[in-house]
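Undergrad: Supplied in structure tokens, the structure appears directly below.
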Amino acid sequence: MAGWKRYSVGLIGFVCNLYAESYTLGHGVQMNDWMSVGGYFSSELESNRNEDSFTLDDVAVMAYGDINPMLSYLAELEATGFYQKNFTADTESGSQKFHFERMYGDLWLCDAYNVRFGKMLTPVGYWNLEPINVLRDTTSNPLYSTLLFPRFLTGIDINGYVPNTEGLKYNLFGQSTHDLDEEYINIPNTHFYGLSLDKEFSMEASAGGSIGEYIALSTRERTRFVQANAKYDVYQWGVTVEGIVARTDYADNRTDDTISGYAQGIYRFNPQHALVGRYEYYDRRHDDYTDHIGIIGYSYRPIYPVSLKGEYQWHSQSGEDRFLASFSVLF
Amino acid sequence: MKAILLMVLVATMAAADYSVVISKKTAFSALSMQQIRDIYLQKRHSVGDKNAIAVNILGHDEVREIFETKVLGMDRNRLNTYWIKQHFQGVTPPLTQPSFESVKTFIVNVEGAIGYLPSDMVDSQLKVVYEF
């Protein structure tokens, strides 16, 4: 009987697809019952004290779908630095090699218990889970999101809603193997464990935090981190804050903290035009490297999945100021 | 007589225009607005231990827009942004049906299906879990 019910639901689901919504840019294309496809690209223009350059930065394709009501998958291949032109040196370069950005399955058992296995974005904070240019409001990423924890996880993430709570989600994750594509991760490692909690207070407000530990493959240095994040967004304007304290046992037998974070505000004049400001702080005590970064940017989206952005960065470190602009599209 | 007419008028005005409904056979019997929102935004896929399958009316239907504004609390622009972000996460919007008749048929025949209808289409095969 249960098998017959599943068959009936599948049959009805198939019939439903005859009435699928027409294609809209940014929503992907539903090929059939078990596969949707999409992709994105971004290009970037940078001008700093040393050089002016253009980069066709991300070219990515992705496929995902439900194999059955309990099992789904997502695969994404991406080439970064696809084409680069340095106007100052008058050189061209690029790599058309595609890497595994994500490759995972989801085994859904109930809303409190979903098991994700494979290579995935590390479930820490907000920025790391929406890392692509077209979904961001600035061309640049904050240092917080790129230097202090592995952006990807090749392992298992058990996640879901904590039972008997309203909107409290958890992620318990671990990696004890090499990354699926070690050329394509900011911190290669074979040891990464963590726990994240995120509470959605309303449609507008949420907050959360994470703890974790990893050992960098190249140096064998162990880092433990505590991270926190909060967001308030009423659509016309929004504020996002994230911060992290990472304590590393360095190879020279010293233990030092790195503290980093950012606060970003956005004001949307209308769905197309927005003004963005961000303050970043980065303090690596091991070698006394500190940078305060102020960013002001403008975002124009003729439609949401098409993004044109420009920003200027002021750094307290000399020689780091720069102008960035980008154009990106999500299919 | 005037009093009866007034009562009928008040009752008619008080009745909700639209209802969120499930099949009479479905195990759960009431849903909060938050639960309906989470199911329609594909954040949750069950109510207790019972599966929940959301179904939308196809396209830019006026009732769909009222549902999205009043129950989901999102206008078209915001919802579009939400689904574009979900596309990157590998999550697709709920199933659609071309008419309210087919929405009703789907709900009656699929255990756990949830949808919204004009209240005057609700009959003994359906349970109302929310009104708007």
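Going down the list, the sequences are from chains A and B. Quick note on the working numbering: the first sequence kicks off at 14 and runs consecutively. Quick note on the working numbering: the second sequence kicks off at 17 and runs consecutively. We put the CB at the ideal spot given by N, CA and C, even for glycine. Because the structure is a prediction, the values reported are computed rather than measured.
Pull up the distance between the alpha-carbon of residue 332/A and that of residue 340/A, whole angstroms please.
TA: So the two alpha carbons sit approximately 25 Å from each other.
Undergrad: Which residues, in order along the stretch 98-124 of chain A, keep a beta-carbon less than 7 Å from a beta-carbon of chain B?
TA: Correct list: 121, 123 and 124.
Undergrad: Taking the beta strand (DSSP E) that residue 133/A belongs to, which residues open and close that run?
TA: That run of the beta strand (DSSP E) goes 126-134.
Undergrad: Residues in the stretch 127-159 of chain A with C-beta within 8 Å of chain B's C-beta atoms, listed in sequence order?
TA: From the stretch 127-159 of chain A, only 142, 143, 145 and 148 have a Cβ closer than 8 Å to chain B.
Undergrad: If you drop the 5 nearest sequence neighbours on each side, which residues of the same chain put their C-beta closer than 7 Å to that of residue 211/A?
TA: Here the set comprises 182, 219 and 221.
Undergrad: Pick helix, strand or coil for residue 20/A, following the three-state DSSP scheme.
TA: Note that residue 20/A scores 41 on pLDDT, short of 50, meaning its location in the model is unreliable and no value can be drawn from it.
Undergrad: Anything in the stretch 98-112 of chain B with a Cβ closer than 7 Å to a Cβ of chain A? List those residues in chain order, please.
TA: Against chain A - using a Cβ distance shorter than 7 Å - the residues of the stretch 98-112 of chain B are 99, 100, 101, 103, 104, 106, 108, 111 and 112.
Undergrad: On the DSSP letters alone, give me the boundaries of the alpha helix (DSSP H) that residue 175/A sits inside.
TA: It is not in any alpha helix (DSSP H) - residue 175/A carries neither H nor E in the DSSP assignment.
Undergrad: For residue 302/A, write down the residues that DSSP places opposite it in a beta bridge.
TA: In the DSSP output, where bridge partners are listed per residue, residue 302/A has 297/A.
Undergrad: Mapping DSSP to helix, strand and coil, what is residue 232/A?
TA: Residue state, collapsed to three classes: coil.
Undergrad: When DSSP builds the beta bridges, which residues end up paired with residue 286/A?
TA: Residue 286/A is bridged to 313/A.
Undergrad: DSSP state of residue 49/B, grouped into three classes?
TA: Three-state result, residue 49/B: helix.
Undergrad: Do you know whose CA, among 229/A, 261/A and 252/A, lies nearest residue 239/A's CA?
TA: Of the candidates 229/A, 261/A and 252/A, the one whose C-alpha sits nearest the C-alpha of residue 239/A is 261/A.
Undergrad: Please classify residue 157/A: does DSSP put it in a helix, a strand, or coil?
TA: Reduced to three states, the DSSP call for residue 157/A is helix.
Undergrad: Could you tell me whether any Cβ in chain A is nearer than 8 Å to the Cβ of residue 80/B?
TA: No, its Cβ sits nowhere closer than 8 Å to a Cβ of chain A.
Undergrad: Given that a residue counts as buried once 16 or more other Cβ atoms are within 10 Å of its Cβ, and exposed if not, what is residue 100/A?
TA: Exposed, by the Cβ-count rule.
Undergrad: Compute the beta-carbon to beta-carbon distance between residue 110/A and residue 167/A, rounded to the nearest angstrom, for a pair I have assumed lies under 8 Å.
TA: Rounded, the Cβ-Cβ distance is 19 Å, inconsistent with contact.
Undergrad: Using beta carbons (cut-off 8 Å, strictly below), is residue 62/B in contact with chain A?
TA: Yes, residue 62/B lies at the interface with chain A (some Cβ there is under 8 Å from its Cβ).
Undergrad: What number of angstroms, rounded off, separates the C-alpha of residue 31/A from the C-alpha of residue 171/A?
TA: At residue 31/A the pLDDT is 44, less than 50, meaning the model places this residue with poor confidence and gives no usable figure here.
Undergrad: Apart from the five residues on each side of it in sequence, which residues of its chain come closer than 6 Å, Cβ to Cβ, to residue 280/A?
TA: Cβ within range, chain order: 250 and 288.
Undergrad: Any contact of the stretch 118-126 of chain A with the stretch 49-62 of chain B, i.e. 3+ C-beta pairs under 8 Å?
TA: These segments touch.
Undergrad: If you draw a straight line from the C-alpha of residue 306/A to the C-alpha of residue 275/A, how long is it?
TA: So the two alpha carbons sit approximately 9 Å from each other.
Undergrad: At the 8 Å Cβ level, is residue 280/A part of the contact set with chain B, yes or no?
TA: Closer than 8 Å: no.
Undergrad: Return helix, strand or coil for residue 145/B, following the three-state DSSP convention.
TA: Correct three-state label for residue 145/B: strand.
Undergrad: Are the CB atoms of residue 200/A and residue 227/A nearer to each other than 8 Å?
TA: Closer than 8 Å, so yes.
Undergrad: Keeping to the same chain, check which residues put their C-beta closer than 7 Å to that of residue 297/A; ignore five residues upstream and five downstream.
TA: So the qualifying residues of the chain are 271.
Undergrad: Whose Cβ in chain B lies nearer than 8 Å to the Cβ of residue 48/A?
TA: None at all; the shortest Cβ gap to chain B is about 11 Å.
Undergrad: Please compile the residues from chain B whose C-beta is within a distance smaller than 7 Å of the C-beta of residue 216/A.
TA: Those within 7 Å of residue 216/A in chain B are 89.
Undergrad: Kindly list the residues whose CB is nearer than 6 Å to the CB of residue 304/A, restricted to its own chain and excluding five residues on each side of it in sequence; keep chain order.
TA: If we look at residue 304/A and ignore the five residues flanking it on each side, its Cβ neighbours are 295, 328, 329 and 330.
Undergrad: In the DSSP output, what is residue 77/B paired with across the bridge?
TA: Answer by DSSP bridge pairing: none, since residue 77/B is not bridged.
Undergrad: For residue 75/B, count neighbouring Cβ atoms within 10 angstroms of its own Cβ and tell me buried if that reaches 16, exposed if not.
TA: It counts as exposed.
Undergrad: Using the rule of at least 16 other Cβ atoms within 10 Å of the residue's Cβ for burial, across every protein chain shown, is residue 117/A buried or exposed?
TA: Buried, by the Cβ-count rule.
Undergrad: Are there 16 or more other CB atoms within 10 angstroms of the CB of residue 62/A, so buried, or fewer, so exposed?
TA: By the 10 Å Cβ count, residue 62/A comes out exposed.
Undergrad: Let me know the secondary structure DSSP gives residue 40/B once reduced to three states.
TA: Looking at residue 40/B - three-state DSSP - the assignment turns out to be coil, as it is neither helix nor strand.
Undergrad: Just to make sure I have the definition right: I need the residues of chain B whose C-beta is within less than 7 Å of the C-beta of residue 51/A. Which are they?
TA: Going along chain B in sequence order, the residues near residue 51/A (Cβ under 7 Å) are 103.
Undergrad: Starting from the beta carbon of residue 317/A, find every residue of chain B whose beta carbon is closer than 7 Å, and list them in chain order.
TA: Ordered by position in chain B, the residues that pass the 7 Å Cβ test against residue 317/A are 96, 97 and 100.
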